[in-house]
Amino acid sequence: MATTNISGWQKLGRLYRKELRDLRLESMVVLGLILLWNLFLYYKAGTATWPPGTHLVFSLMMLVITGFLPLIESFKIWGDEWKNNTVYLLLSLPVNGQQVVLAKLLAVLTQFILLSLAALLATGALFKATVLDAYFVMINNEIWQLIRQYRLILAIITVNGILELANVVLLAFLGSLLGQSVRKFSGWLAGAFFLAGMYVSGKLATWLAKVLNYLPWPAINIRLPLNFHSLSISASPGEISIYAGTAALLLVTILLFITTVLFYNRRVEL
1 MATTNISGWQ KLGRLYRKEL RDLRLESMVV LGLILLWNLF LYYKAGTATW
51 PPGTHLVFSL MMLVITGFLP LIESFKIWGD EWKNNTVYLL LSLPVNGQQV
101 VLAKLLAVLT QFILLSLAAL LATGALFKAT VLDAYFVMIN NEIWQLIRQY
151 RLILAIITVN GILELANVVL LAFLGSLLGQ SVRKFSGWLA GAFFLAGMYV
201 SGKLATWLAK VLNYLPWPAI NIRLPLNFHS LSISASPGEI SIYAGTAALL
251 LVTILLFITT VLFYNRRVEL
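Mapping to this note's numbering: the sequence shown position 213 is 213, numbers consecutive.
If you want it as structure tokens, here you go:
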């Protein structure tokens, strides 16, 4: 009987899809909240009982929920493995620690990105439905002009945000695994480690950025046009380049990922 060889990427893909399915319930709940909240704001905008633009600010508040969700899911995703006794199945699978940790990390990041995009799209739809067409078209054109003009810088800022979030998730992973390795005060230990890790990783990223800033990074000069006023943002001598900051964050993320994988491989036992 012929055996089918499954590559490492295929194993990672299967684990990733499994983790996404496990996050499906929370994702659907948050999507429902986004829809219902914006429908309520659309109704309130039509009644003219709030000051103009207030409903748009309240709509963006859904981003706060999506912003906290990765932290909650990062602790929950490991706790559920022990709670449901699926950790024994996970440890028995023919996969390595890198694939397990990476699949969980990608699932949490995917959930955050998709829900944040849903919240932004809902705000955009509310904006279009409640603001005068001429004003909407003008602001929309200016925003897209900025995106086209500064797409590289915006891409770097987006990468920075994803790396920051990945660091938070990995620290929560480490805290959860550390908490599960002891019997008493596991929750307190996980929380204390997470807070201490946030402080240490932040200091390390700042130090690395200062060191990397000695490299000849490109200069940055941003001018915001039209309704965004004549605001100019440029890097002053001695300031840390956004490129150096990105490289520093990437190094910290890699270090945290390796540490999480090593801890999973050596300390998590049946």
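Even glycine gets a Cβ: it sits at the ideal position worked out from N, Cα and C. Note that the structure is predicted; figures quoted are calculated from it, not measured.
So, is residue i buried or exposed, given that buried needs 16 or more other C-beta atoms within 10 angstroms?
i: M62; result: buried
i: S59; result: buried
i: I34; result: buried
i: I77; result: buried
i: Q145; result: exposed
i: L174; result: buried
i: N38; result: buried
i: D80; result: exposed
i: A107; result: buried
i: A196; result: exposed
i: T86; result: exposed
i: T260; result: buried
Sorted by chain position, which residues of the same chain lie with C-beta nearer than 7 Å to residue i's C-beta, five sequence neighbours on each side aside?
i: S186; result: G179, Q180
i: I240; result: A209, K210, N213
i: V30; result: I65, T66, L69, L115
i: H229; result: Per-residue confidence for H229 stands at a pLDDT of 42, beneath the threshold of 50, marking its modelled position as unreliable; the derived number appears in the next sentence. No residues qualify anywhere along the chain.
i: W217; result: S241, Y243, A244
Out of the options, state which residue places its alpha-carbon closest to the alpha-carbon of residue i.
i: L20; options: Y88, G67, F112, F40; result: F112
i: S201; options: K18, L171, L25; result: L171
i: I143; options: L15, I156, G124, V159; result: G124
i: T54; options: L126, I65, Q99; result: L126
i: A122; options: V159, G32, L91; result: G32
i: I153; options: K44, I242, V252, L262; result: I242
i: P94; options: A190, L56, K184, Q10; result: Q10
i: T206; options: Q149, W188, V252; result: V252
i: K128; options: L56, L71, I258, N84; result: L56
i: A248; options: L36, K184, V159, W188; result: V159
Would you check if the distance between the CB atom of residue i and the CB atom of residue j is smaller than 8 Å?
i: L25; j: L109; result: no
i: L273; j: L163; result: Outside the modelled stretch of the chain, which goes from 1 to 270, sits residue 273, for which no answer is possible.
i: L23; j: V100; result: no
i: L256; j: N167; result: yes
i: A244; j: L204; result: no
i: T130; j: A190; result: no
i: S27; j: V169; result: no
i: L12; j: L102; result: yes
So residue i packs on residue j, CB below 8 Å; how close in whole Å?
i: I156; j: T246; result: 6 Å
i: G97; j: N265; result: 4 Å
Under 7 Å: does the beta carbon of residue i sit that close to some heavy atom of the ligand GDP?
i: K83; result: In terms of ligand content, the structure shown is empty, and the ligand GDP therefore cannot be addressed.
Excluding the 5 residues flanking residue i on each side, which residues of the same chain have their C-beta closer than 6 Å to its C-beta?
i: G161; result: none
i: F193; result: G175, L178
i: K104; result: E19, I77
i: A119; result: I34, M62, L63, T66
i: P225; result: For P225, the predicted structure reports a pLDDT of 49, less than 50, and the residue's modelled location is therefore unreliable. A value from the coordinates is still provided. Cβ within range, chain order: n/a, list empty.
Whose C-beta lies closer than 8 Å to the C-beta of residue i among residues of the same chain, with five residues either side of it excluded?
i: L90; result: E81, V100
i: L262; result: G97
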